[in-house]
Every structure is written in C-alpha cells, then in structure tokens.
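Below is one structure, written out as structure tokens; comments come after it.
Numbering (my numbering), first residue to last: 1 to 116.
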C-alpha cells in the first residue's frame, strides 16, 4: 500500500486534491512529516526509512513532485519534522534524532545548504 496526502478546503470541507505518495523512485512507503509553505502554495512531504526522501509539491497543479532529495545520513537518524522558513518559501529545514539539515528549493531541485 502507498500512502496518500489528501488536501481539503477548510471553508467548504471539500476535497481539493489527493497526492499519491511516494514517487516511483522513492523506496519508503511511510510518510513521517509534512508542511505547507507560508503562502500555502507548496507542500513538503518527508518519507521514512530506508531513504528518508524529502519531496516538494506544487500541490494545486496535481503534478508529480517538483523536486526531491534523499536526506539519509550515516547514523541512520530518524527525521521527525520538516518546515519552511516563515520569511523565504525556498528555504527548508529537516530535523530529527541528531540531524538538522537545511535545503533550498532552486530551479526545480532541492539543494543542500552547507553548514558553515
């Protein structure tokens, strides 16, 4: 079974969109976190083990994810939370058990922001 995200309109309580998860190239069959951008136009979904893949969706367009990135690490730490910056819809943070990574959505890809 594949997980799905169903998005509802909060005013009418009608279903707006269903996103099939995960994309074919993702091994995980679990969804562990999600977050909307501050303008509500973009959705982050975080798949679980073994690959911990972060996907970015322009959910209103009902297309496959615009970008995805494996967030796995040598310690096999579990990711617990994903979020957008409240000031920049292109800045993303992924956190979990001993992990904190920052990424930027750029040119339809997710690019890790190196630690300084």
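Built from N, CA and C at the ideal position, the CB exists for glycine as well.
Quick one: Cα of residue i to Cα of residue j, how far?
{"i": "residue 94", "j": "residue 7", "result": "22 Å"}
{"i": "residue 78", "j": "residue 31", "result": "12 Å"}
{"i": "residue 42", "j": "residue 50", "result": "25 Å"}
{"i": "residue 65", "j": "residue 54", "result": "10 Å"}
Please state whether DSSP places residue i in a helix, a strand or coil.
{"i": "residue 15", "result": "strand"}
{"i": "residue 52", "result": "coil"}
{"i": "residue 101", "result": "strand"}
{"i": "residue 41", "result": "coil"}
{"i": "residue 61", "result": "helix"}
{"i": "residue 106", "result": "strand"}
{"i": "residue 111", "result": "strand"}
{"i": "residue 76", "result": "coil"}
{"i": "residue 83", "result": "strand"}
{"i": "residue 69", "result": "strand"}
{"i": "residue 6", "result": "strand"}
For residue i, which residues in the same chain have their Cβ closer than 7 Å to its Cβ, ignoring the five residues on either side in sequence?
{"i": "residue 16", "result": "7, 8 and 9"}
{"i": "residue 38", "result": "84, 86 and 89"}
Skipping 5 residues on each side, what residues in its chain have a beta carbon closer than 8 Å to that of residue i?
{"i": "residue 106", "result": "90"}
Near residue i, what residues of its chain come up, given a Cβ to Cβ distance below 6 Å and the 5 sequence neighbours on each side ignored?
{"i": "residue 82", "result": "33, 35, 44, 46 and 94"}
Contact defined as beta carbons within less than 8 Å: I believe residue i pairs with residue j. What is the distance between those atoms, to the nearest angstrom?
{"i": "residue 80", "j": "residue 97", "result": "7 Å"}
{"i": "residue 67", "j": "residue 110", "result": "5 Å"}
Closest to residue i by CA distance: which of the options is it?
{"i": "residue 19", "options": "61, 25, 48 and 27", "result": "61"}
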